[in-house]
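Worksheet for the structure shown next.
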Amino acid sequence: MPYPTDFIRLARPEQYVKNLFIFLPLFFAFKLMNGSLLCACTLSFLSFSLLASSVYVFNDIRDISRDRQHPVKKNRPLASGRISEKQGVWFALVLILMSMSFWYFLKKQTILIFLAYAAMNGIYSIRLKHIAVVDVTCIAIGFVLRILIGTVQADLPTSHWIILMTFLLAMFLALAKRRDDLILQEKDNSKLRSSMDGYNLEFVSLSMLLMAGVTVVSYIMYTVSPEVVSRYNNEYIYLTTFWVIMGIMRYFQIALVEKNSGSPTQILWKDAFIKIVLLGWILSYFIIMYV
Numbered sequence: 001m002p003y004p005t006d007f008i009r010l011a012r013p014e015q016y017v018k019n020l021f022i023f024l025p026l027f028f029a030f031k032l033m034n035g036s037l038l039c040a041c042t043l044s045f046l047s048f049s050l051l052a053s054s055v056y057v058f059n060d061i062r063d064i065s066r067d068r069q070h071p072v073k074k075n076r077p078l079a080s081g082r083i084s085e086k087q088g089v090w091f092a093l094v095l096i097l098m099s100m101s102f103w104y105f106l107k108k109q110t111i112l113i114f115l116a117y118a119a120m121n122g123i124y125s126i127r128l129k130h131i132a133v134v135d136v137t138c139i140a141i142g143f144v145l146r147i148l149i150g151t152v153q154a155d156l157p158t159s160h161w162i163i164l165m166t167f168l169l170a171m172f173l174a175l176a177k178r179r180d181d182l183i184l185q186e187k188d189n190s191k192l193r194s195s196m197d198g199y200n201l202e203f204v205s206l207s208m209l210l211m212a213g214v215t216v217v218s219y220i221m222y223t224v225s226p227e228v229v230s231r232y233n234n235e236y237i238y239l240t241t242f243w244v245i246m247g248i249m250r251y252f253q254i255a256l257v258e259k260n261s262g263s264p265t266q267i268l269w270k271d272a273f274i275k276i277v278l279l280g281w282i283l284s285y286f287i288i289m290y291v
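Following our numbering, the residues of the sequence shown are numbered contiguously, the last one being 291.
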């Protein structure tokens with residue numbers, strides 16, 4: 001008989017930090033203090049988080065046999081046998097129904113993005129996750145869809161800069177995760193997923209370097225672009241770039257030196273340096289804009 005905590009672990013609430021990207025359009029538009037827009041994005045955040053949990057459950061059901069061979073994933077509720085496949089299916093359906101209970105308050109375009117996310121991840125779990133490069137691209141697109149949820153739900157203009165930087169950063173993080181998988185695969189002399197045939201450490205490391213470099217350049221171009229300077233009536237936003245560079249360098253250190261980049265979410269929760277950098281970026285942004 002599974003414990004309630006097993007179902008909570010199966011839903012992976014710690015991953016909900018990824019869904020905070022929904023609020024990024026409000027942050028960059030300085031609308032976080034707008035009560036109605038914040039409420040609208042919060043409802044979409046809650047609904048999307050429940051839907052994402054159902055996707056995680058579906059993915060775990062598909063990967064039970066493979067997860068049992070993984071040194072870390074073998075402890076997941078489904079792979080360890082604490083929750084049966086049938087119970088997992090019912091739990092996923094409950095999560096979907098809970099997500100749909102919020103749809104009355106969401107815009108139709110937002111719901112369409114939800115469905116696109118669910119469809120993409122369904123295909124990803126069945127096939128696309130086994131194709132190198134395509135797998136990390138799907139992950140990055142998922143983050144872009146989160147941005148679009150925020151822009152649509154808050155009725156804000158979609159910034160091509162924000163979409164581009166989100167995609168690049170998500171690609172960087174996904175590649176770092178693949179690098180960690182490669183290291184685990186070499187240690188255990190086993191293949192964790194079929195897409196790993198299309199990766200090696202040199203390719204992934206160079207790809208990470210490419211994504212990191214383009215992300216930093218894109219961020220600098222965003223902060224100094226005439227569009228942004230005129231919109232915010234401020235030419236000093238570029239100073240926040242230093243925090244971005246420090247954060248990416250720290251992540252490289254975690255991936256290449258410490259060789260522990262398997263879970264970006266866990267790094268965000270546990271790494272003090274990353275937390276300080278993120279807080280410094282947010283505070284400097286507000287200080288430059290308002291002080």
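We treat Cβ as the ideally placed atom computed from N, Cα and C, and that holds for glycine. Small disclaimer: the values here were computed from a predicted structure and weren't measured.
Thinking just about the alpha-carbon of each residue, which of the options is nearest to the one in residue i?
{"i": "Trp90", "options": "Val57, Ile267, Leu201", "result": "Val57"}
{"i": "Arg293", "options": "Leu145, Asn34, Ser263", "result": "What is shown of the chain runs 1 to 291, which leaves residue 293 out entirely."}
{"i": "Glu85", "options": "Val228, Phe7, Asp180", "result": "Phe7"}
{"i": "Ala118", "options": "Ser101, Ala132, Val136, Arg146", "result": "Arg146"}
{"i": "Pro4", "options": "Gly88, Ala255, Phe48", "result": "Gly88"}
{"i": "Met171", "options": "Ile141, Val229, Val216", "result": "Ile141"}
{"i": "Phe21", "options": "Ile162, Asn75, Ile274", "result": "Ile162"}
{"i": "Val144", "options": "Pro13, Arg76, Phe23", "result": "Phe23"}
{"i": "Arg250", "options": "Leu239, Ile267, Gly81", "result": "Ile267"}
{"i": "Met100", "options": "Pro71, Leu148, Ile139, Ser49", "result": "Ser49"}
{"i": "Leu10", "options": "Arg127, Tyr232, Ser53, Tyr222", "result": "Ser53"}
{"i": "Ile126", "options": "Thr240, Phe273, Val257, Asp60", "result": "Asp60"}
{"i": "Gly150", "options": "Leu256, Leu168, Ile113", "result": "Ile113"}
{"i": "Gln183", "options": "Val277, Leu78, Glu258", "result": "The displayed chain sequence assigns Ile, not Gln, to residue 183. It is Glu258 whose Cα lies nearest to the Cα of Ile183."}
{"i": "Leu164", "options": "Ser218, Thr265, Leu43", "result": "Ser218"}
{"i": "Phe339", "options": "Tyr238, Ser225, Lys275", "result": "The requested residue 339 is not part of the displayed model; the chain covers only 1 to 291."}
{"i": "Ser225", "options": "Tyr199, Leu115, His160, Cys138", "result": "His160"}
{"i": "Phe203", "options": "Gly213, Leu175, Glu227, Ile220", "result": "Leu175"}
{"i": "Asp63", "options": "Leu78, Ala29, Asn34, Ser261", "result": "Leu78"}
{"i": "Ile245", "options": "Val152, Gly280, Val94", "result": "Gly280"}
{"i": "Pro2", "options": "Arg231, Thr166, Gly81, Thr215", "result": "Gly81"}
{"i": "Leu206", "options": "Leu43, Tyr104, Phe252, Ser44", "result": "Phe252"}
{"i": "Ala154", "options": "Glu186, Phe242, Leu32", "result": "Leu32"}
{"i": "Leu256", "options": "Thr240, Asp180, Ala272", "result": "Asp180"}
{"i": "Ile111", "options": "Cys138, Thr137, Leu148", "result": "Leu148"}
{"i": "Asn200", "options": "Thr137, Leu173, Ser230, Ala132", "result": "Ala132"}
{"i": "Cys39", "options": "Arg12, Leu106, Met98, Tyr16", "result": "Leu106"}
{"i": "Asn234", "options": "Phe273, Ile288, Phe30, Gly247", "result": "Ile288"}
Check residue i in the structure and name its three-state DSSP category.
{"i": "Ile149", "result": "helix"}
{"i": "Tyr56", "result": "helix"}
{"i": "Arg62", "result": "helix"}
{"i": "Glu235", "result": "coil"}
{"i": "Lys18", "result": "helix"}
{"i": "Thr158", "result": "coil"}
{"i": "Ala29", "result": "coil"}
{"i": "Tyr3", "result": "coil"}
{"i": "Tyr199", "result": "coil"}
{"i": "Arg12", "result": "coil"}
By the 10 Å Cβ neighbour count, where 16 or more other Cβ atoms means buried, how is residue i classified, buried or exposed?
{"i": "Leu26", "result": "buried"}
{"i": "Asn121", "result": "buried"}
{"i": "Gln69", "result": "exposed"}
{"i": "Asn19", "result": "buried"}
{"i": "Lys108", "result": "exposed"}
{"i": "Met211", "result": "buried"}
{"i": "Met196", "result": "buried"}
{"i": "Ser65", "result": "exposed"}
{"i": "Met208", "result": "buried"}
{"i": "Lys129", "result": "buried"}
{"i": "Tyr124", "result": "buried"}
{"i": "Phe242", "result": "exposed"}
{"i": "Val72", "result": "exposed"}
{"i": "Tyr104", "result": "exposed"}
{"i": "Ile282", "result": "exposed"}
{"i": "Cys41", "result": "buried"}
{"i": "Thr158", "result": "exposed"}
{"i": "Leu95", "result": "buried"}
{"i": "Leu97", "result": "exposed"}
{"i": "Ser36", "result": "exposed"}
{"i": "Ser230", "result": "exposed"}
{"i": "Ala92", "result": "buried"}
{"i": "Ala29", "result": "buried"}
Does the beta-carbon of residue i, which I'm using as the reference point, lie nearer than 6 Å to any heavy atom of the ligand ATP?
{"i": "Asp67", "result": "Of the ligands one can find in the structure shown there are none, so the ligand ATP has no counterpart to examine."}
Whole beta strand (DSSP E) elements within the region 60-143, 3-residue minimum: none
Any chance you could list the alpha helix (DSSP H) runs of at least 4 consecutive residues sitting entirely within the region 240-271, in chain order? 241-252, 264-270
Residue ranges of each alpha helix (DSSP H) within the region 209-234, 4 or longer: 226-232
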